[in-house]
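K.L.:
In this note's numbering, the protein residues as written are 242 to 424.
See the structure below:
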């Protein structure tokens, strides 16, 4: 895999923002070791704007950073889950044929964005919950409750914050897209 310098910088910035923004002081504790993090909007934004590889690495590295700085040790299962969330949301530009780059963000595009956020959270953190139950013998009811709360909460959070951010990005891109070079 050969990453450009721009891509590496984007991943580093996204992972730092997601990692620091994911710390407990910025989150809303909801259930046993489970926090809703506004930083999920950062993960979604990087996935939507830069694709699945950047989304995966921002989620994976960023969650690793959160776990390291929070002091509770790195939970690789949940680190992987965040990576998968970023990857799934990162499919958005491919599915929409880069419409947001052209300044287009319709209601259908928003619904697709929310659907990908939901699928990403269910699949990503579903893997985390399953692996916690298998590898760490966590009670199934606990990890199922964590998954349900996180998938629903993150999807709502991503939808609300994402709507405002992506509407603004589309508006900005529309202004730039309509510019033509003077001869």
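All C-beta atoms in this analysis are idealised placements derived from N, C-alpha and C, irrespective of residue type, glycine included.
No experiment lies behind these values; they were computed from the predicted model shown.
#1: Is residue 296 closer than 8 Å to residue 283 when the C-beta atoms are compared?
#2: Mind pulling the beta strand (DSSP E) runs of 3 or more residues that sit fully within the region 327 to 362?
#3: Could you give the DSSP three-state label for residue 270: helix, strand or coil?
#4: Within 10 angstroms of the Cβ of residue 281, are there 16 or more other Cβ atoms? Answer buried if so, exposed if not.
#5: Going by the CB atoms, is the gap between residue 259 and residue 320 shorter than 8 Å?
#6: Can you tell me which of the three DSSP states residue 461 falls into?
#7: Could you tell me the alpha carbon to alpha carbon distance between residue 361 and residue 343, rounded to whole angstroms?
#8: For residue 285 versus residue 367, is the C-beta spacing smaller than 8 Å?
P.N.:
Looking at the atomic coordinates:
#1: Position 42 of the chain shown, counting from 1, holds the residue named residue 283. Position 55 of the chain shown, counting from 1, holds the residue named residue 296. For residue 283 and residue 296, no; Cβs fall outside 8 Å.
#2: none
#3: Working through the chain shown from its first residue, we reach residue 270 at position 29. Strand.
#4: Taking the chain shown and counting its residues from 1, the one referred to as residue 281 is at position 40. Buried.
#5: Start at 1 with the first residue of the chain shown, and residue 320 comes out as number 79. Start at 1 with the first residue of the chain shown, and residue 259 comes out as number 18. In this structure, residue 259 does not lie closer than 8 Å to residue 320 by Cβ.
#6: As displayed, the chain neither begins before 242 nor continues past 424, which places residue 461 out of reach and without an answer.
#7: The sequence position of residue 361 within the chain shown is 120, counting from 1. The sequence position of residue 343 within the chain shown is 102, counting from 1. Answer to the nearest angstrom: the Cα atoms are 25 Å apart.
#8: Working through the chain shown from its first residue, we reach residue 285 at position 44. Working through the chain shown from its first residue, we reach residue 367 at position 126. Against a cut-off of 8 Å, the Cβ pair of residue 367 and residue 285 comes out as no contact.
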